[in-house]
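Here's the structure, in structure tokens; my notes come after.
2 protein chains.
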Amino acid sequence: MVQKWMIQDLKDRLAEQKQDALTEFLARYQPYDLAEMLIELEENEQIRFIAELPIALGAEILEYVDPELQYRILDRGTKETAALLLNEMSSDKVADLLLAIHPHQAATLSELLPADYREKISSLMQYPPESAGSLATVDYIAVRNYWTVEHTLQHVRKVGQDAEMVSYFYVLDNNGKLVGIVSLKQAILAKADSRLEDIMLKDFVSVSARMNQQEVATILSNYDLVALPVITDEQRMIGIITVDDLIDVIHEEATEDFQKMGGSQPLEVPYFKNSFWKLFRKRIGWLLILFVAEAYTGNVLRHFEDTLSEVIALAFFIPLLVGTGGNTGTQTVTTLVRALALGEVKPKNIFRVIRKEVSTGLILGLCMGVATFIRAQILGVGFDIGSVVAVTAIFIVIWASLIAAVLPLVLHKLRVDPAVVSGPFITTLVDGTGLIIYFSLAKLMLNL
Amino acid sequence: MVQKWMIQDLKDRLAEQKQDALTEFLARYQPYDLAEMLIELEENEQIRFIAELPIALGAEILEYVDPELQYRILDRGTKETAALLLNEMSSDKVADLLLAIHPHQAATLSELLPADYREKISSLMQYPPESAGSLATVDYIAVRNYWTVEHTLQHVRKVGQDAEMVSYFYVLDNNGKLVGIVSLKQAILAKADSRLEDIMLKDFVSVSARMNQQEVATILSNYDLVALPVITDEQRMIGIITVDDLIDVIHEEATEDFQKMGGSQPLEVPYFKNSFWKLFRKRIGWLLILFVAEAYTGNVLRHFEDTLSEVIALAFFIPLLVGTGGNTGTQTVTTLVRALALGEVKPKNIFRVIRKEVSTGLILGLCMGVATFIRAQILGVGFDIGSVVAVTAIFIVIWASLIAAVLPLVLHKLRVDPAVVSGPFITTLVDGTGLIIYFSLAKLMLNL
Chain A
1 MVQKWMIQDL KDRLAEQKQD ALTEFLARYQ PYDLAEMLIE LEENEQIRFI
51 AELPIALGAE ILEYVDPELQ YRILDRGTKE TAALLLNEMS SDKVADLLLA
101 IHPHQAATLS ELLPADYREK ISSLMQYPPE SAGSLATVDY IAVRNYWTVE
151 HTLQHVRKVG QDAEMVSYFY VLDNNGKLVG IVSLKQAILA KADSRLEDIM
201 LKDFVSVSAR MNQQEVATIL SNYDLVALPV ITDEQRMIGI ITVDDLIDVI
251 HEEATEDFQK MGGSQPLEVP YFKNSFWKLF RKRIGWLLIL FVAEAYTGNV
301 LRHFEDTLSE VIALAFFIPL LVGTGGNTGT QTVTTLVRAL ALGEVKPKNI
351 FRVIRKEVST GLILGLCMGV ATFIRAQILG VGFDIGSVVA VTAIFIVIWA
401 SLIAAVLPLV LHKLRVDPAV VSGPFITTLV DGTGLIIYFS LAKLMLNL
Chain B
1 MVQKWMIQDL KDRLAEQKQD ALTEFLARYQ PYDLAEMLIE LEENEQIRFI
51 AELPIALGAE ILEYVDPELQ YRILDRGTKE TAALLLNEMS SDKVADLLLA
101 IHPHQAATLS ELLPADYREK ISSLMQYPPE SAGSLATVDY IAVRNYWTVE
151 HTLQHVRKVG QDAEMVSYFY VLDNNGKLVG IVSLKQAILA KADSRLEDIM
201 LKDFVSVSAR MNQQEVATIL SNYDLVALPV ITDEQRMIGI ITVDDLIDVI
251 HEEATEDFQK MGGSQPLEVP YFKNSFWKLF RKRIGWLLIL FVAEAYTGNV
301 LRHFEDTLSE VIALAFFIPL LVGTGGNTGT QTVTTLVRAL ALGEVKPKNI
351 FRVIRKEVST GLILGLCMGV ATFIRAQILG VGFDIGSVVA VTAIFIVIWA
401 SLIAAVLPLV LHKLRVDPAV VSGPFITTLV DGTGLIIYFS LAKLMLNL
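These protein sequence lines are chains A and B, in that order. Once you know that position 110 of the first sequence is 110 in the UniProt record's numbering, the rest is easy, because the numbers rise by one and skip nothing. Once you know that position 113 of the second sequence is 113 in the UniProt record's numbering, the rest is easy, because the numbers rise by one and skip nothing.
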């Protein structure tokens with residue numbers, strides 16, 4: 001964890017302008033920690049800090065910060081440093097940076113890159129956000145099937161410094177098609193004169209550039225891989241996606257689902273980067289939809305106005321009954337939406353899910369029925385009303401379990417994101433329908 | 001994706017008992033896919049399938065299935081096959097298996113392992129679940145600081161086949177203390193006669209065996225690593241944690257938080273592995289706590305019984321007003337609990353969070369106030385009651401935003417898991433307090 005005194009120490013050493021003091025400081029920390037410190041410096045200190053660093057370390061640190069800061073540092077420093085840093089950064093990060101800034105600024109920055117590398121990066125930039133292509137880096141090691149292990153390792157010694165990952169070599173044919181993968185482990189364990197075509201893995205896992213990032217993350221975690229090749233429909237190699245980028249995707253997707261389950265649209269950037277106006281826009285939509293859906297509870301209550309004025313005590317239990325139903329529904333729906341996202345539950349399992357949830361709902365309902373009856377007696381509303389609320393509790397809990405089980409699975413089947421059935425959504429749905437159950441039972445059981 | 005016809009194909013080939021047909025089949029699929037198929041086979045087919053496979057592949061496939069199935073296969077097959085498979089499986093998976101089965105069964109299985117390996121595994125089994133130690137595997141490559149790169153690579157060629165991961169070598173001193181790390185990439189790029197002490201990384205990231213798995217996952221994702229060494233308090237090397245195991249942890253922790261945010265206790269195993277009785281036990285606790293908390297809404301309503309019977313129309317808006325408050329609170333709380341889990345928001349940011357949430361709540365409240373007023377006019381309850389409900393909407397939304405902003409941060413500060421402030425929790429809290437706001441405003445504004 002980066003502490004205040006570390007940042008102060010760094011500031012002092014930068015002010016002193018002694019290279020030794022800085023070098024000694026750098027040796028003590030990891031690139032990630034240095035990036036965390038960089039963020040806390042003043043702008044002129046940031047520029048000076050990056051300028052003082054070895055290029056490889058500077059580039060690595062830059063990769064940890066967000067594109068705005070990357071751009072500010074590259075733009076304010078000298079052109080030479082910017083060119084060196086940009087060339088050293090991994091190509092997926094450069095593509096992200098160029099996409100995040102103004103096209104004019106991006107054009108100026110791109111000119112610092114050699115023409116062929118610039119072209120590769122602009123091809124990465126074509127892929128839509130959240131696609132496999134957009135996550136790919138071109139800094140992988142390409143090899144040929146007729147190479148020997150010895151030749152390959154010599155090649156790696158030459159180009160390995162620039163590669164994002166040297167754990168795998170990708171065997172391409174004359175047309176740039178990916179025909180096999182050799183791991184560095186295999187190469188080390190094989191004889192020096194073995195040819196790659198004899199040791200390469202031909203049945204490898206790869207992903208299409210158009211595949212959604214969530215699917216890519218699932219494949220990577222299922223198959224326990226640390227990198228995945230990305231290919232075109234014609235099997236042409238585009239680049240690789242590394243596990244560290246996919247861990248970010250896994251976090252991102254879980255965060256999105258979290259926010260959806262809470263009844264807002266997902267935020268695209270970390271919490272504090274959103275203005276209150278942005279937070280407002282992400283939330284007002286669902287609030288209004290839920291408001292309209294909830295509004296008909298007014299009609300329900302007005303419809304039962306006579307029943308209500310006759311037995312005003314029925315009103316006491318409205319929040320308790322619909323609240324309990326909403327809570328049960330929320331429990332079920334969050335469990336199922338997550339299980340669907342992880343692939344633990346599939347739409348075809350709907351009847352198994354219904355059976356499980358309704359059985360659970362039945363015993364939960366019985367417990368809550370007893371609790372409600374006791375509560376009614378404590379409030380002193382008598383045996384009759386107590387019975388009505390107890391029976392209502394049982395029915396509402398089972399009903400909430402049922403719809404919370406059915407809706408996410410049906411939506412998933414219809415290819416609608418099941419996370420739209422949020423906690424607030426199910427609560428709202430149970431509020432209105434629960435009231436109908438309540439007052440219908442009351443009329444029936446109290447002969448009103 | 002594994003399809004039904006693939007499983008049928010496998011069953012047919014197993015029945016035919018021709019080794020060629022099986023070998024041809026195996027070449028077409030990844031170990032993970034074969035594991036998915038294994039699960040679908042009959043028990044006698046499972047035993048036969050594993051027995052027919054090369055040991056290394058069999059062990060890899062077994063690592064993908066759950067401990068019960070692992071045990072059943074090891075127990076029913078021959079002792080020789082079981083011993084070979086167990087020795088080939090990675091040590092963290094063996095430790096997990098031995099912990100999951102009955103101690104008697106575990107003792108019998110352990111006897112199949114060589115004594116020194118058995119001892120290493122039983123030391124891994126001491127660490128509590130969810131700790132770094134429990135995730136560690138001892139199948140890493142240990143090296144000495146005076147070795148040359150050439151000697152090291154020779155050593156790797158000898159032992160590399162058994163290692164879980166060959167991307168890093170761990171430099172241990174005479175006492176088993178970890179003093180440095182050399183990556184395979186570094187070794188390949190260095191000169192053959194370089195000594196490891198000259199190229200090894202001395203300031204490496206490591207974790208203590210007692211560290212919680214969530215913290216380990218955060219470190220691994222922040223520092224973009226693919227493996228982390230686990231050490232004792234005395235810097236002694238215990239083993240390594242690999243990125244694939246930590247991806248499982250990341251999924252697990254997000255799932256737990258999901259279920260907590262939905263107001264249940266987290267399930268320890270995938271959805272369908274829980275009996276309905278288990279689901280019931282995970283849910284009833286919070287339901288009853290929330291029931292008790294919600295029950296006082298009855299007291300609030302009885303307290304305002306006179307107001308209510310005088311203006312029965314006030315009852316029409318109860319679900320709408322408390323529902324809207326609950327929805328706003330749920331939106332805020334899910335966003336913040338997730339942001340806290342990712343470290344985007346820290347408890348010290350509390351005033352910044354309050355400012356942001358209350359500003360957002362203010363404009364959300366104004367919008368909902370207008371909506372409520374319009375809804376009241378449509379229901380035809382008159383200007384007076386319309387004004388009461390509109391003003392109440394504004395206050396309830398701001399109030400819900402405020403407590404939903406404060407509670408998770410305060411709990412986090414008090415080292416209580418902020419995810420206990422679930423959607424249902426905040427909804428319940430807003431129900432009761434919202435009613436007090438509503439009826440107090442009604443009495444005040446309508447002079448009741």
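Even for Gly, the Cβ is constructed at its ideal location relative to N, Cα and C. In this text, all values refer to a predicted model and were calculated from it rather than measured experimentally.
State the CB to CB distance for the pair residue i and residue j, rounded to an integer number of angstroms; the pair is presumed to be in contact (CB under 8 Å).
{"i": "residue 424(A)", "j": "residue 294(B)", "result": "Rounded, the Cβ-Cβ distance is 17 Å, inconsistent with contact."}
{"i": "residue 426(A)", "j": "residue 326(A)", "result": "7 Å"}
{"i": "residue 475(A)", "j": "residue 232(A)", "result": "With chain A covering 1 to 448 only, the question about residue 475(A) has no answer from this structure."}
{"i": "residue 446(A)", "j": "residue 311(A)", "result": "7 Å"}
{"i": "residue 217(B)", "j": "residue 249(B)", "result": "5 Å"}
{"i": "residue 37(B)", "j": "residue 62(B)", "result": "With 8 Å as the limit, residue 37(B) and residue 62(B) do not qualify as a contact, their Cβ atoms being about 13 Å apart."}
{"i": "residue 228(B)", "j": "residue 240(B)", "result": "7 Å"}
{"i": "residue 178(A)", "j": "residue 170(A)", "result": "6 Å"}
In whole angstroms, give me the CA-to-CA distance for residue i and residue j.
{"i": "residue 285(B)", "j": "residue 309(B)", "result": "35 Å"}
{"i": "residue 200(B)", "j": "residue 152(B)", "result": "12 Å"}
{"i": "residue 459(B)", "j": "residue 6(B)", "result": "Residue 459(B) cannot be examined here, being either before or after the span of chain B that is shown, 1 to 448."}
{"i": "residue 117(B)", "j": "residue 174(B)", "result": "20 Å"}
{"i": "residue 196(B)", "j": "residue 145(B)", "result": "5 Å"}
{"i": "residue 39(B)", "j": "residue 406(A)", "result": "27 Å"}
{"i": "residue 258(B)", "j": "residue 1(B)", "result": "26 Å"}
{"i": "residue 172(B)", "j": "residue 333(A)", "result": "50 Å"}
{"i": "residue 305(B)", "j": "residue 381(A)", "result": "13 Å"}
{"i": "residue 159(A)", "j": "residue 184(B)", "result": "15 Å"}
{"i": "residue 373(A)", "j": "residue 388(A)", "result": "9 Å"}
{"i": "residue 357(A)", "j": "residue 54(A)", "result": "60 Å"}
{"i": "residue 255(B)", "j": "residue 255(A)", "result": "11 Å"}
{"i": "residue 515(A)", "j": "residue 115(B)", "result": "Any answer about residue 515(A) is impossible in this case: the structure gives chain A only from 1 up to 448."}
{"i": "residue 121(A)", "j": "residue 73(A)", "result": "20 Å"}
{"i": "residue 400(A)", "j": "residue 274(B)", "result": "20 Å"}
{"i": "residue 19(A)", "j": "residue 59(A)", "result": "19 Å"}
{"i": "residue 300(A)", "j": "residue 379(A)", "result": "25 Å"}
Who are the neighbours of residue i on chain A, taking C-beta pairs under 9 Å?
{"i": "residue 375(B)", "result": "291, 292, 295 and 298"}
{"i": "residue 28(B)", "result": "203"}
{"i": "residue 251(B)", "result": "221, 250, 254 and 342"}
{"i": "residue 17(B)", "result": "Chain A residues near residue 17(B): none, gap ~24 Å exceeds 9 Å."}
Between residue i and residue j, is the Cβ-Cβ spacing less than 7 Å?
{"i": "residue 253(A)", "j": "residue 214(A)", "result": "yes"}
{"i": "residue 194(B)", "j": "residue 149(B)", "result": "yes"}
{"i": "residue 141(A)", "j": "residue 163(A)", "result": "yes"}
{"i": "residue 291(A)", "j": "residue 376(B)", "result": "no"}
{"i": "residue 65(B)", "j": "residue 95(B)", "result": "no"}
{"i": "residue 448(A)", "j": "residue 307(A)", "result": "yes"}
{"i": "residue 109(B)", "j": "residue 83(B)", "result": "no"}
{"i": "residue 127(B)", "j": "residue 101(B)", "result": "no"}
{"i": "residue 136(B)", "j": "residue 205(B)", "result": "no"}
{"i": "residue 353(A)", "j": "residue 419(A)", "result": "no"}
At 8 Å on the CB atoms, spell out the chain B contacts of residue i, in chain order.
{"i": "residue 303(A)", "result": "Correct list: empty, because the minimum Cβ distance to chain B is about 10 Å."}
Anything in chain B within Cβ reach of residue i, meaning under 9 Å, just list it in chain order.
{"i": "residue 324(A)", "result": "287, 290, 291 and 294"}
{"i": "residue 272(A)", "result": "339, 344, 345, 349, 352, 353 and 356"}
{"i": "residue 152(A)", "result": "None at all; the shortest Cβ gap to chain B is about 10 Å."}
Run down chain A in chain order and give the residues with a C-beta less than 7 Å from the C-beta of residue i.
{"i": "residue 206(B)", "result": "Within chain A, no residue comes near residue 206(B); the closest Cβ sits about 11 Å away, beyond 7 Å."}
{"i": "residue 243(B)", "result": "226 and 243"}
{"i": "residue 368(B)", "result": "287 and 291"}
{"i": "residue 276(B)", "result": "356, 359 and 360"}
Below 7 Å on C-beta distance, what does residue i contact in chain B?
{"i": "residue 317(A)", "result": "298"}
{"i": "residue 311(A)", "result": "Under the 7 Å cutoff, chain B gives no residues; its nearest Cβ is about 11 Å from residue 311(A)."}
{"i": "residue 263(A)", "result": "327, 330 and 331"}
Run through chain A and tell me which residues come within less than 8 Å of residue i, C-beta to C-beta.
{"i": "residue 32(B)", "result": "222, 223 and 224"}
The segment 208-228 of chain B contacting the segment 40-49 of chain A, beta-carbon criterion three pairs below 8 Å: no
Are the segment 395-402 of chain B and the segment 424-444 of chain B touching by the rule of at least three beta carbon pairs closer than 8 Å? yes
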